[in-house]
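Numbering follows numbering that gives the first Met the number 0, with no gaps: position 94 of the sequence shown is 93.
The beta-carbon is built from N, C-alpha and C at its ideal position, and this holds for glycine as well.
Note that the structure is a prediction, hence the values are computed from the model and not measured.
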Amino acid sequence: MASAYPVHLVLVGPPGAGKGTQAVMLERELGLKQISSGDLFRENLKNQTELGQLAQAYMDRGELVPDNVTIAMVAERIQRSDCAKGVIFDGFPRTLEQAKALDEMLALQDSEIRLVPALVSSDEVVIDRMTGRRVCRNCGAVYQISYNPPKVEGVCDVCSGELYQRSDDSPETVRNRLYVYYKQTSPLIGYYFAKNLLVRVNADQPIDAVNQAMLQAVKVVIE
Ligand code: ADP
Ligand code: ADP
Ligand code: ZN
Numbered sequence: 000m001a002s003a004y005p006v007h008l009v010l011v012g013p014p015g016a017g018k019g020t021q022a023v024m025l026e027r028e029l030g031l032k033q034i035s036s037g038d039l040f041r042e043n044l045k046n047q048t049e050l051g052q053l054a055q056a057y058m059d060r061g062e063l064v065p066d067n068v069t070i071a072m073v074a075e076r077i078q079r080s081d082c083a084k085g086v087i088f089d090g091f092p093r094t095l096e097q098a099k100a101l102d103e104m105l106a107l108q109d110s111e112i113r114l115v116p117a118l119v120s121s122d123e124v125v126i127d128r129m130t131g132r133r134v135c136r137n138c139g140a141v142y143q144i145s146y147n148p149p150k151v152e153g154v155c156d157v158c159s160g161e162l163y164q165r166s167d168d169s170p171e172t173v174r175n176r177l178y179v180y181y182k183q184t185s186p187l188i189g190y191y192f193a194k195n196l197l198v199r200v201n202a203d204q205p206i207d208a209v210n211q212a213m214l215q216a217v218k219v220v221i222e
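Pasting the structure below:
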């Protein structure tokens with residue numbers, strides 16, 4: 000199917016399913032812009048902005064940052080010119096209110112969501128993945144100690160930066176994040192199904208197999 004740009008994709012799925020990992024690969028493969036609300040919050044935290052300070056308490060507990068601030072942050076970000084070809088939304092929206100706000104902000108730009116790949120994964124798998132996640136303090140690259148380890152332990156392959164474990168990837172917080180996902184985010188599956196945008200991808204496979212399945216899924220809106 001021929002299609003005009005911008006092509007906006009929304010990745011949904013539980014924490015640890017691999018949204019960020021896949022979004023980075025798709026960004027490179029499709030030339031779209033990945034926007035991760037979690038990364039935007041972590042950047043604000045690092046730079047000690049007012050927004051970062053507000054978000055921190057919620058993030059530490061594994062709860063969602065309030066809709067109004069999250070929506071404002073993303074609305075501002077998608078104005079930039081690097082989003083012109085399309086955005087891969089990673090971790091946003093996470094509530095029905097955010098989903099409706101995203102529809103409205105895209106409508107203001109005369110655009111819309113084209114496809115919503117849902118990463119379907121089992122609870123044990125995402126808990127296991129998240130507890131072994133490591134992130135580069137410098138460039139944000141994401142590793143997994145068992146499934147996607149760096150060449151040298153604790154050191155980023157890309158930039159030699161130091162790898163750290165996110166404080167919200169502790170076993171206690173991980174369970175609460177999964178709970179929050181089921182309660183507040185999983186209704187998005189129904190929301191996008193009803194709009195005929197949902198396509199399910201089996202995320203319980205190795206990274207490259209998931210990537211192939213993702214490419215297959217997005218083909219219909221990209222070509
Ligand atoms: P994960 O990749 O494991 O799903 P994220 O990096 O996306 O985690 O998010 C980390 C934390 O940032 C969340 O637990 C939440 O506190 C906050 N956050 C990220 N995106 C949103 C959002 N769309 N709405 C509210 N809070 C968010
Ligand atoms: P999300 O953004 O959905 O929270 P991430 O992309 O950060 O998920 O992935 C969670 C962790 O699992 C990371 O440590 C990542 O390296 C690893 N990971 C991602 N996809 C897979 C996969 N298909 N198989 C094994 N590990 C994976
Ligand atoms: Zn790095």
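Under the DSSP assignment, residue 99 falls in the alpha helix (DSSP H) whose first and last residues are 95-107. For residue 127, no beta strand (DSSP E) run applies; the uninterrupted alpha helix (DSSP H) run containing it begins and ends at 122-130, by DSSP.
When secondary structure is reduced to three states using DSSP, residue 11 falls in the strand class. Partner residues in the beta bridge of residue 161, as assigned by DSSP, are 154. Inter-segment contact for the segment 94-102 and the segment 64-80 is present: three or more beta-carbon pairs are separated by less than 8 Å. Here the segment 24-38 lies against the segment 74-85, with 3 or more beta-carbon pairs under 8 Å apart.
Relative to the non-hydrogen atoms of ligand 1, the Cβ of residue 63 comes within a distance shorter than 6 Å of at least one.
Bounds of any beta strand (DSSP E) do not take in residue 43; it lies within the alpha helix (DSSP H) bounded by 36-45. Beta-bridge analysis with DSSP links residue 142 to 133. Taking the Cα positions, residue 19 is about 25 Å away from residue 49.
Linking residue 191 to residue 115 through their CA atoms gives a straight-line distance of about 7 Å.
The alpha-carbon of residue 138 is positioned some 24 Å away from that of residue 63.
Residue pairing by DSSP places residue 117 opposite 11, 199 in a beta bridge. The segment 199-210 and the segment 114-134 touch, with three or more beta-carbon pairs separated by less than 8 Å.
With distances taken between CA atoms, residue 145 lies nearest to 206 out of 206, 122, 175.
In this structure, residue 5 keeps its C-beta atom at 7 Å or more from the C-beta atom of residue 131.
Within its own chain, the residues whose Cβ lies closer than 7 Å to the Cβ of residue 179, once the five positions on either side in sequence are excluded, are 61, 62, 63, listed in chain order. A distance filter of 6 Å between CB atoms and the heavy atoms of ligand 3 selects the following residues in sequence order: 135, 137, 138, 140, 155, 157, 158, 160. Taken from the Cβ of residue 14, at least one heavy atom of ligand 2 lies inside 6 Å. If you look at residue 87, you'll find it in the beta strand (DSSP E) that goes 86-89.
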